[in-house]
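Structure first, then comments.
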Amino acid sequence: MMESQSQRNSTAIQDLFKRIGEAFSAMFRRKAFLHWYTGEGMEETEFTEAESNMNDLISEYQQYEAASNDDEDEINDDDGYEDDDER
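For the working numbering, count along the sequence shown from 1 and bump the result up by 160.
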């Protein structure tokens, strides 16, 4: 149980990444503040790469969360209890 709780805590960060990603996408579509960064030498492709990396990270966390849930379900099935509260 402790291991699955630890896994759940570490995957909770994906909600923060999702919110940041959504805010970034909304601003990037409008090209808000982009001129400040391109004026300092950044390329637009760096922003699209960063967005892609963020989406990959979120997907990875979702996979870990799904695997953790599957493992927890398997453990609960093995011990005959629905959840730990019934012991």
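Each residue gets a CB set at the ideal place from its N, CA and C atoms; glycine is no exception. It should be emphasised that the depicted structure is a prediction, and the values quoted were computed from it without experimental measurement.
- Under the three-state reduction of DSSP, MET187 is assigned to helix.
- C-alpha of ILE173 to C-alpha of ASN213: approximately 15 Å in a straight line.
- Considering only SER228, LEU217, ASP230, the residue with the shortest C-alpha distance to LEU176 is LEU217.
- Linking GLU225 to THR208 through their CA atoms gives a straight-line distance of about 26 Å.
- Here GLU225 carries a helix assignment [DSSP, helix/strand/coil].
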